[in-house]
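Below: the structure, in structure tokens.
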Amino acid sequence: MRRVYLDYAATTPVRREVFEAMVPYLTEKFGNPSSVHWFGREIRKDVDEARERVAEALNASPQEIYFTSGGTESDNMAILGTAAALRNKGRHVITSAVEHHAALDACLSLEKQGYRVTVLPVDKYGMVDPADLEAAIAEDTILVSIMHANNEVGTIQPIKELAAIARKHGVLFHTDAVQTIGAIPVDVRELGVDLLSLSGHKIYGPKGIGALYVRKGVRLSNIAFGGAQERKLRPGTENVAGIMGLATAVELAVAEQQETYEKLVVLRDKLIDGLTAVPDVKLNGHPQQRLPGNVNVSVERVEGESLILSLDMAGIAVSSGSACTSGSLEPSHVLMAMGLDHQSAHGSLRLTLGKGTSAEDIDYVLSVFPGVVQRLRDMSPLRKSGEE
Amino acid sequence: MYSEKVMDHFQNPRNVGEIADADGVGEVGNLRCGDIMRISIKVKDNVIEDIKFRTFGCGAAIATSSMITELVKGKTLEEAEEISNRHVAEALGGLPPVKMHCSNLAADALKAAIADYKKRTQQHGG
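If you read the sequences in order, they're chains A and B.
Residue numbering for the first sequence is 184 to 571, as defined by the numbering used here.
Residue numbering for the second sequence is 233 to 358, as defined by the numbering used here.
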């Protein structure tokens, strides 16, 4: 049976160049970078170089890059670290309704500590309106956290414009760029952000490694306690192999971004056209301001998990925003924030493309999809109005 | 995450559809939670002669619906009423814990269908 992986937004395989960059640090170059002896000193030099490479790819300075365990930790450090450092300046944080839980829940956790949290709404495409941000900023606002592009529906936010509004009011701006590195241009100076999160395993790097960009002059409190690693902001012995892999992954992702974009957009649009040609299948997310590898559709009268299982039986790996796959009783908070009704949210399907995706893969999915939908619709008690 | 039996019933669901001249129809669930089950029954001499289901829901919802149709076909109404959601899950070799409540409603749908049948016959008889 043909096997087609269309869940690259969930995770990606480690690419060969990344793997090879890591191997020495899992074997002979095993030293602890904090050690004084040459085993450690040598590794310290390599970690510093990796930091320089990540910084250069993002147009940042090496001192502005902190290695973390991934996107979640980066988001938590940015949000909780800023809030703690600026608690005497103000206790108001602004975020959006479509953030990844790593950012959204970190913001909401501040409410228990007496902070106010404003969650900005989005339009039907999942887009934040800059006017809403402008209106939400108050005297005591200390941080705005809005993701660069959404992991579920692929909508790209107008970060440059949003960050400029925050800056105008002297408010820090954090963005989660986990989905955008390598997909669209990510230049921290061009975007004008103060903090930016990224993750290794979404860009053909290893799991368990990520980074946080912190603009020079921005003060953060550490949220974990321990040694002096990462200038005390992120204590704990460095994941050296992960760091080396991340540097290579980021470097290659950024170098190949334009090429990746052009390739994926063609495949993405072919997939969108084919899926939405099936009656009552609608695209979710923005039609243009969209990640090149993201497709998200709602299949009316069918539930998402049963779609995933059916496609899985045909060798196709995808995901959904239905309650059954969210691990809670509610469907995706992103789709609900966009104003979808429960049925459409439960019937959502996310297909995310990547390096390994070919035109033949798309053809195969499109050959299987109509039959799967028909079978489940035949089983469904929900009927189109007018249908028997 | 699902047992082989669940996947078998999901892949090859038994008794899908709707009985045109059903003696009783029951529907449970709602769109909010993402599961709706409709069961229709044909009853003769107090025995469930035929049963069909239509379900909107996840794999567990479809498999439990299919399973209950197999369990009660040919059973008396009293026997059928004794079947609980738990029995259905057990017959399927178990369900993931998160599915025990949200998607395990087939017995409720059957009970609703039987109740509908009884209401109709009482009306006829009365």
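The beta-carbon is built from N, C-alpha and C at its ideal position, and this holds for glycine as well.
Residue-level contact to chain B via CB, residue i, 7 Å cutoff
| i | result |
| --- | --- |
| residue 505 of chain A | yes |
| residue 164 of chain A | Past the boundaries of the shown model lies residue 164 of chain A; chain A is included only from 184 to 571, so the question cannot be answered. |
| residue 566 of chain A | no |
| residue 464 of chain A | no |
| residue 562 of chain A | yes |
| residue 492 of chain A | yes |
| residue 488 of chain A | yes |
| residue 198 of chain A | no |
Proximity test, Cβ basis, 7 Å: residue i and chain A
| i | result |
| --- | --- |
| residue 324 of chain B | no |
| residue 266 of chain B | yes |
| residue 358 of chain B | Per-residue confidence for residue 358 of chain B stands at a pLDDT of 46, beneath the threshold of 50, marking its modelled position as unreliable; no derived number is given. |
| residue 291 of chain B | yes |
| residue 337 of chain B | no |
| residue 318 of chain B | no |
| residue 273 of chain B | no |
| residue 263 of chain B | yes |
| residue 361 of chain B | Because residue 361 of chain B is not part of the residues shown, which for chain B are 233 to 358, the question remains open. |
| residue 283 of chain B | no |
| residue 270 of chain B | yes |
| residue 294 of chain B | yes |
| residue 286 of chain B | yes |
Residue i vs residue j beta-carbon contact at 7 Å
| i | j | result |
| --- | --- | --- |
| residue 198 of chain A | residue 387 of chain A | yes |
| residue 230 of chain A | residue 421 of chain A | yes |
| residue 300 of chain B | residue 342 of chain B | yes |
| residue 375 of chain A | residue 347 of chain A | yes |
| residue 389 of chain A | residue 345 of chain A | no |
| residue 304 of chain B | residue 271 of chain B | no |
| residue 251 of chain B | residue 284 of chain B | yes |
| residue 536 of chain A | residue 476 of chain A | yes |
| residue 358 of chain A | residue 342 of chain A | yes |
| residue 190 of chain A | residue 501 of chain A | yes |
| residue 298 of chain B | residue 333 of chain B | no |
| residue 291 of chain B | residue 234 of chain B | yes |
Cβ-Cβ separation, residue j to residue i (assumed contact under 8 Å), whole Å
| i | j | result |
| --- | --- | --- |
| residue 187 of chain A | residue 498 of chain A | 6 Å |
| residue 143 of chain A | residue 363 of chain A | This structure leaves residue 143 of chain A out entirely; chain A is present only between 184 and 571. |
| residue 326 of chain A | residue 266 of chain A | 7 Å |
| residue 268 of chain B | residue 207 of chain A | The pair is not a contact, with the Cβ atoms about 56 Å apart (cut-off 8 Å). |
| residue 327 of chain B | residue 248 of chain B | Not quite, the Cβ-Cβ distance comes to about 20 Å (not below 8 Å), so this is no contact. |
| residue 247 of chain A | residue 238 of chain A | 6 Å |
message = Would you call the segment 452–460 of chain A in contact with the segment 306–323 of chain A, where contact means no fewer than 3 C-beta pairs closer than 8 Å?
response = no
>> Which complete beta strand (DSSP E) runs does the segment 471–540 of chain A hold, if anything under 3 residues is left out?
In response: 477–482, 531–535
Could you please tell me which residues of the segment 515–529 of chain A, in chain order, have their CB closer than 7 Å to any CB of chain D? The question asks about chain D, but that chain is absent: this structure's protein chains are A and B.
Within the chosen definition, does the segment 330–344 of chain A reach the segment 463–478 of chain A through at least 3 CB pairs nearer than 8 Å? yes
Review point. Residue ranges of each alpha helix (DSSP H) run of no fewer than 4 residues wholly in the segment 189–245 of chain A, ordered along the chain?
Key: 199–209, 221–241
* Along the chain, which unbroken stretches of the alpha helix (DSSP H) at least 4 residues long are found entirely within the segment 366–398 of chain A? -> 371–374
- Item | Contact between the segment 347–359 of chain A and the segment 288–304 of chain A (3+ Cβ pairs under 8 Å) | no
>> Taking contact to mean 3 or more Cβ pairs, one atom from each stretch, closer than 8 Å, check whether the segment 197–212 of chain A and the segment 430–447 of chain A are in contact.
In response: yes
For the segment 327–347 of chain B against the segment 253–261 of chain B, do three or more pairs of beta-carbon atoms, one drawn from each stretch, fall closer than 8 Å, so that the two count as touching? Yes, they touch.
Open item on the list: Does the structure place the segment 254–263 of chain A close enough to the segment 398–414 of chain A that three or more beta carbon pairs sit under 8 Å?
Closed with: yes
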